[in-house]
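Note that my numbering gives residue 485 to position 156 of the sequence shown, counting from 1, and the numbers run on in steps of one.
Glycine is no exception: its CB is placed at the ideal position from the N, C-alpha and C atoms.
Below is one structure, written out as structure tokens, with a few remarks after it.
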Amino acid sequence: MRILVCGGAGYIGSHTCVALLERGHDVVIGDNFSNSSPKVLARLQRITGVPVACERVDLRNRLALIRLLLRHRFDAVIHFAALKAVGDSCKRPLEYFQNNISGTINLLQAMQAANIHRLVFSSSATVYGDPEAVPVQEGARLQVTNPYGRTKLVVEQLIGDLCHSQPSFHVANLRYFNPVGAHPSGLIGEDPAGIPNNLMPYICRVAAGRSRRLSIFGGDYPTPDGTGVRDYIHVTDLAQAHVDALEYLADNGRSLTVNLGTGRGVSVLELVRAFEDASGRKVPYEIVERRAGDVAQVWADPSLARRLLGWRAQLDVDAMCRDAWRWQFMNPDGYSGRVAGTGRRPARGFAPTNGATSPLRI
Ligand code: NAD
Ligand code: WQD
Numbered sequence: 330m331r332i333l334v335c336g337g338a339g340y341i342g343s344h345t346c347v348a349l350l351e352r353g354h355d356v357v358i359g360d361n362f363s364n365s366s367p368k369v370l371a372r373l374q375r376i377t378g379v380p381v382a383c384e385r386v387d388l389r390n391r392l393a394l395i396r397l398l399l400r401h402r403f404d405a406v407i408h409f410a411a412l413k414a415v416g417d418s419c420k421r422p423l424e425y426f427q428n429n430i431s432g433t434i435n436l437l438q439a440m441q442a443a444n445i446h447r448l449v450f451s452s453s454a455t456v457y458g459d460p461e462a463v464p465v466q467e468g469a470r471l472q473v474t475n476p477y478g479r480t481k482l483v484v485e486q487l488i489g490d491l492c493h494s495q496p497s498f499h500v501a502n503l504r505y506f507n508p509v510g511a512h513p514s515g516l517i518g519e520d521p522a523g524i525p526n527n528l529m530p531y532i533c534r535v536a537a538g539r540s541r542r543l544s545i546f547g548g549d550y551p552t553p554d555g556t557g558v559r560d561y562i563h564v565t566d567l568a569q570a571h572v573d574a575l576e577y578l579a580d581n582g583r584s585l586t587v588n589l590g591t592g593r594g595v596s597v598l599e600l601v602r603a604f605e606d607a608s609g610r611k612v613p614y615e616i617v618e619r620r621a622g623d624v625a626q627v628w629a630d631p632s633l634a635r636r637l638l639g640w641r642a643q644l645d646v647d648a649m650c651r652d653a654w655r656w657q658f659m660n661p662d663g664y665s666g667r668v669a670g671t672g673r674r675p676a677r678g679f680a681p682t683n684g685a686t687s688p689l690r691i
């Protein structure tokens, strides 16, 4: 299939482009690079051996989108393009509504104009808010606690309305839990702007000596060790689920909404220890006050994705930590710094690989 990947230069989008290309699909990235770097394109080519087509486009520009979709003959769209920082969304909700909701409406209109009927949408476990029970099933009550979460829920709902009004339109809503890790090559990964909010990039930063210690938000949750529990999922497993969802839409002509997680809850302290083992680095930490808006524990029931897509997460927490650390070590300044794998020798102890992860200590 020929796929438009909106937001394909970003963290999850870039890994999904690798999975799509490796599966033989044809990919065009559409991105405004508001939270990504064009340098990812050369890295994608290096990993896959295929030059990746890319168009700079902003989802808020409906006419540009329509022109883009009419210029190509896409079979489907995967839609990653969104602003995603929870705290930031509380400070500037209108920007989030405009980018994530209006941007999606523009995309849907452009898809209608170009007669494209298949969409894979990046939703989030954030639509469950503070779930009443774990593991969380797709039928659980939906509730949101911040403007970012609201954009995900609203978009799921408006896409649902569109599917009702237009039976030939099919969507895969993929509710990600906590994506972490990086491609085993160390060439692409998560490159947050400024000081990271999320746990794994912050752990990487501490392990690299760029922050003195990790603040663990709360040690008194009703969890086995008192720290928050989440369902971390390796980004390459997540990427594979997009390929499977796309093929499900093409083969079955039916919409679906599924959780994408491992089904296993991991505490903050467990993740810190796994990271120390995988990297050989210490991660000093202190336990501080709970972070406002955090919940004690969330993990997925991923069995529906298994039943419908035949997908399940393959990689464990050790692989997530090892690959996150490899990316951090090889790219201390993310995409803006020294470029690993473009002629310079990679850092000692790390060889970029195109294959599966192998045990690695530094
Ligand atoms: P990311 O910021 O790395 O990638 C998003 C990409 O979209 C970036 O390349 C950005 O430049 C682009 N973009 C944003 N607004 C755009 C616009 N108006 N026009 C064109 N391009 C635009 O984020 P990510 O972590 O890869 O997340 C991808 C998707 O998955 C997002 O929709 C996010 O909400 C969702 N999600 C992420 C997580 C997570 O923890 N990373 C969890 C659940 C859901
Ligand atoms: C994980 C755990 C923190 C940082 C967020 C969004 C969610 C989704 C994924 C997009 C929690 C603890 C964290 C730190 C810590 N994104 N923590 N110290 O909050 O589960 O989910 O990202 O859809 O919508 O809300 O992820 O990585 O921020 O936190 O102790 O410096 O790590 O309290 O228990 P979260 P996270």
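Nonlocal neighbours in the same chain, by C-beta distance under 8 Å from residue i, ignoring five residues either side
| i | result |
| --- | --- |
| R620 | F546 and G547 |
| S452 | K481, V484, E485, N502, L503, R504, Y505 and T586 |
| A469 | Y457, P460, E461 and A462 |
| I434 | L487 |
| C383 | G337, A338, V357, I358, G359, D360, P367 and L370 |
Exposure label - residue i; buried when at least 16 CB within 10 Å
| i | result |
| --- | --- |
| E618 | exposed |
| E467 | buried |
| V519 | Before going on, a small fix: residue 519 reads as Glu here, not Val. Burial call: buried. |
| N581 | exposed |
| S363 | exposed |
| I376 | buried |
| R385 | exposed |
| K413 | buried |
| R400 | exposed |
| T686 | At T686 the pLDDT is 30, less than 50, meaning the model places this residue with poor confidence; the figure from the coordinates comes in the next sentence. So T686 ends up on the buried side. |
| I341 | buried |
| S418 | buried |
| G416 | exposed |
| P631 | buried |
| L543 | buried |
| F490 | A small fix is needed here, since residue 490 is Asp in this sequence, not Phe. Label assigned to D490: exposed. |
| R610 | buried |
| D566 | buried |
| S343 | buried |
| G337 | buried |
| R655 | buried |
Under 8 Å between C-beta atoms of residue i and residue j
| i | j | result |
| --- | --- | --- |
| F450 | A629 | no |
| H563 | A442 | no |
| L392 | L333 | no |
| S509 | G557 | The identity of residue 509 in the sequence shown is Val, whereas the question assumes Ser. No. Outside cutoff. |
| R541 | P613 | yes |
| V572 | L600 | no |
| A454 | V627 | yes |
| L394 | L436 | yes |
| V356 | Y664 | no |
| C650 | S584 | no |
| P764 | A625 | The structure shown does not extend to residue 764, since the chain is modelled only from 330 to 691, so the question has no answer here. |
| P692 | Y425 | Summary: the structure shown does not reach residue 692, with the chain confined to residues 330 through 691, and so no result is reported for it. |
Cut-off 7 Å between Cβ atoms - residues of its own chain near residue i, not counting five sequence neighbours on either side
| i | result |
| --- | --- |
| V456 | L471, V473, G478, K481, L482, E485 and R504 |
| A634 | A570, V587, N588, L589 and W640 |
| V347 | L373, I376, T377, H512 and A568 |
| I616 | I545 and G548 |
| V595 | V558, R559, Y561 and V646 |
| P422 | P476 |
Cβ shell of residue i (< 6 Å), same chain only, five flanking positions each side left out
| i | result |
| --- | --- |
| G432 | L388 and R389 |
| N428 | L412 |
| R352 | V572 |
| G458 | Q472, V473 and T474 |
| M529 | V509 and A653 |
| T345 | A568 and H571 |
| P525 | Y531 |
Cβ distance (whole Å) where residue i is taken to contact residue j below 8 Å
| i | j | result |
| --- | --- | --- |
| A653 | C533 | 6 Å |
| G515 | M330 | About 29 Å separates the two Cβ atoms, so there is no contact after all. |
| F403 | I430 | Contact flag wrong, Cβ pair sits at about 22 Å. |
| C335 | V406 | 6 Å |
| F604 | A536 | 7 Å |
| L487 | A574 | Their Cβ separation, rounded to whole angstroms, is 19 Å, which puts L487 and A574 out of contact at 8 Å. |
| P496 | G592 | With 8 Å as the limit, P496 and G592 do not qualify as a contact, their Cβ atoms being about 33 Å apart. |
| R447 | L578 | 5 Å |
| F298 | G523 | Given that the chain is displayed from residue 330 to residue 691, the structure contains no residue 298 and the question cannot be resolved. |
Minimum Cβ-Cβ distance from residue i to chain D less than 8 Å
| i | result |
| --- | --- |
| T565 | Judged by its chain identifiers, the structure shown contains no chain D, having just a single protein chain. |
Near ligand 3: residue i beta-carbon under 7 Å from a heavy atom
| i | result |
| --- | --- |
| R372 | Questions concerning ligand 3 fall outside what the structure shown contains, since the ligands it does hold are ligand 1 and ligand 2. |
Check each residue's C-beta against every heavy atom of ligand 2 and list, in chain order, those closer than 7 Å.
Residue selection by CB proximity (closer than 7 Å to any heavy atom of ligand 2) returns K413, V415, S453, A454, T455, Y477, G478, K481, Y505, N507, N526, N527, L528, M529, Y531, L543, S544, I545, F546, G547, T556, G557, R559, V597, R620, D623 and V627 in chain order.
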